[in-house]
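Only one structure is covered here, and it is reproduced in the block below.
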Amino acid sequence: MGKPLVAVFSGAGMSTDSGIPDYRGPQGLWRREPDAEKLVTYEYYMADPEIRRRSWRMRAELGALRARPNAAHLAVAELERSGVPVRVITQNVDGLHQLAGVPERKVLELHGTARAVVCTACGARTDMDEALDRIAAGEPDPACLSCGGILKSATVMFGQHLDPEVLAQAVAIAKGCHVFIAVGSTLQVQPAAALAGMAAEAGARLIIVNAEETPYDALAEEVIREPIGTALPKLLARIAD
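Note that the working numbering gives residue 82 to position 17 of the sequence shown, counting from 1, and the numbers run on in steps of one.
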């Protein structure tokens, strides 16, 4: 009999130790600056050039591409290298699981990636670095170099649907895994949050690592409130044994 499949479902809290802000937490960006949500809302972004300019400035200032994996990301990669079957389902768009060493094919990015840019007109895809270089050179709202269309990060903005193929793969993993670890997620954003419930209903051990209560705590076999950077490496070391 093979080793049990471990699914790691990661949210914003996974990356705060890497310097990437948590948007929905008590000190999150949306609570401090409610207007900031417009910068990542598709309808506002497409309709208002000033929103796009502010959105590009925010990306340049946040410096998410300079972030490095933290102890929690490295622990997931170490578990995968140990021979335990691991699949990562992430709400994050920072690409830190892959930078930590988890193979690209084993990471499902539910909300896309901030490391690429896509044209909303022709679909051309380029690196975010190139767009930020254009911002730094004085283009406040860079247009697509192929067709002149509006560019946006290759993330799923508010008002956009998740990629149905990616979501279907995530559902299959949630229903087929033996252990489902939800880490750093409020488990409030649907349909992604429902994966925790699907896993538990299918018989997986549900483990939640999060600072605050979540709607799925009652279904969990174990709830860990300790800081993620220390709690997750300890938990994964236990699972690897």
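Ideal Cβ placement from N, Cα and C applies to all residues, glycine included.
Item                                                                                                   : Value
Local conformation of residue 282 per DSSP, three classes                                              : helix
Straight-line Cα distance separating residue 277 from residue 102                                      : 22 Å
Extent of the continuous alpha helix (DSSP H) run through residue 145                                  : 136-146
Cβ separation of residue 300 and residue 74, assumed to be a contact under 8 Å, to the nearest whole Å : So it is not a contact: roughly 13 Å between Cβ atoms.
Helix, strand or coil at residue 171 according to DSSP, with G and I counted as helix                  : helix
Selected residue, minimal CA-CA separation from residue 137, among 208, 162, 272, 240                  : 162
Those residues which DSSP pairs with residue 221 across a bridge                                       : Partner(s): none; residue 221 has no beta bridge.
Selected residue, minimal CA-CA separation from residue 212, among 169, 275, 159, 189                  : 189
Delimiting residues of the alpha helix (DSSP H) encompassing residue 108                               : 107-112
Beta strand (DSSP E) runs wholly inside the segment 225-268, at least 3 long, in chain order           : 244-248
As assigned by DSSP and simplified to three states, the class of residue 202                           : coil
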